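K.L.:
Below are the structure tokens for one structure; questions will follow.
Here you go:
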């Protein structure tokens with residue numbers, strides 16, 4: 001599966017992506033606000049890559065879409081983005097994204113998230129799409145605000161980060177707000 005933006009290609013994760021994905025997950029900057037921290041080695045990353053690549057073979061029972069993000073020009077690896085079902089009955093989904101630190105502050109996260117929201121609302125027929133980030137993750141909060149997501153809540157000390165418990169901001173956007 002593949003979807004595009006003006007500058008990016010979001011495609012199915014493949015097993016050949018293992019090394020680049022493992023490198024992304026090992027950046028200290030990337031793990032700073034991630035409760036999962038670092039993978040327990042390349043074998044752990046390989047399990048994640050296999051699960052993500054298998055998602056695109058489960059067309060009927062699809063609940064999770066993890067995309068490998070690369071530039072259209074040069075095919076440079078940017079990062080990962082995901083949209084997954086939270087509550088199918090309520091047509092709710094959740095998004096997350098993780099970019100290579102050298103790709104930060106170039107508008108790629110905003111561009112990829114905008115495309116994933118369009119995919120979620122138009123193609124997957126979601127009513128509501130949510131996202132969250134640690135309160136210290138100002139860049140991710142700004143990305144979600146730029147695409148029109150609304151900060152709805154601050155959950156206290158819910159994320160077990162390396163430096164201790166962190167509060168989490170929760171954002172959401174509704175179909176009618178995004179597709180207006």
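Residue numbers (the working numbering): 1 to 180.
No residue lacks a Cβ here, since even glycine has one placed at the ideal position from N, Cα and C.
Fair warning: this is a prediction, and the values are worked out from it, not measured in the lab.
(1) Going by other Cβ atoms of all chains shown within 10 Å of its Cβ, with 16 needed for buried, is residue 75 buried or exposed?
(2) Terminal residues of the continuous alpha helix (DSSP H) containing residue 35?
(3) Going by other Cβ atoms of all chains shown within 10 Å of its Cβ, with 16 needed for buried, is residue 52 buried or exposed?
(4) Check residue 52 in the structure and name its three-state DSSP category.
(5) Once the 5 residues before and after residue 83 are set aside, which same chain residues still bring their CB inside 6 Å of it?
(6) Are three or more beta carbon pairs between the region 163-176 and the region 122-129 nearer than 8 Å?
(7) According to the Cβ coordinates, are residue 39 and residue 161 closer than 8 Å?
(8) From residue 168 to residue 146, what does the alpha carbon distance come to, in whole angstroms?
(9) So the candidates are 165, 62, 148; which of them puts its Cα closest to the Cα of residue 123?
(10) Sort 54, 72, 102 by Cα distance to residue 27 and report the nearest one.
P.N.:
The answer reads as follows:
(1) Against the chain shown, residue 75 aligns to sequence position 75. Exposure of residue 75 is indicated by the presence of fewer than 16 other C-beta atoms within 10 angstroms of its C-beta.
(2) Position 35 of the chain shown, counting from 1, holds the residue named residue 35. Run containing residue 35: none; DSSP gives neither H nor E here.
(3) In the chain shown, the residue the question calls residue 52 occupies position 52. Counting of Cβ neighbours within 10 angstroms places residue 52 among the buried residues, the total reaching 16 or more.
(4) Residue numbering aside, residue 52 sits at position 52 when the chain shown is read from its first letter. Residue state, collapsed to three classes: helix.
(5) As a working mapping, residue 83 is identified with position 83 in the chain shown. Counting only Cβ-Cβ distances below 6 Å, and skipping sequence neighbours, we find 65, 93, 95, 116, 120.
(6) The answer is yes - the region 122-129 touches the region 163-176, with three or more Cβ pairs under 8 Å.
(7) Taking the chain shown and counting its residues from 1, one reaches residue 39 at position 39. Taking the chain shown and counting its residues from 1, one reaches residue 161 at position 161. Against a cut-off of 8 Å, the Cβ pair of residue 161 and residue 39 comes out as no contact.
(8) Here residue 168 refers to the residue found at position 168 when the chain shown is read from its first residue. Here residue 146 refers to the residue found at position 146 when the chain shown is read from its first residue. Going from the Cα of residue 168 to the Cα of residue 146 covers about 18 Å.
(9) On the chain shown, residue 123 is found 123 positions in, with the first residue counted as 1. For the residues 165, 62, 148, the minimum Cα distance to residue 123 belongs to 62.
(10) Sequence index remark: in the chain shown, residue 27 carries index 27 (1-based). In terms of Cα proximity to residue 27, the closest of 54, 72, 102 is 102.
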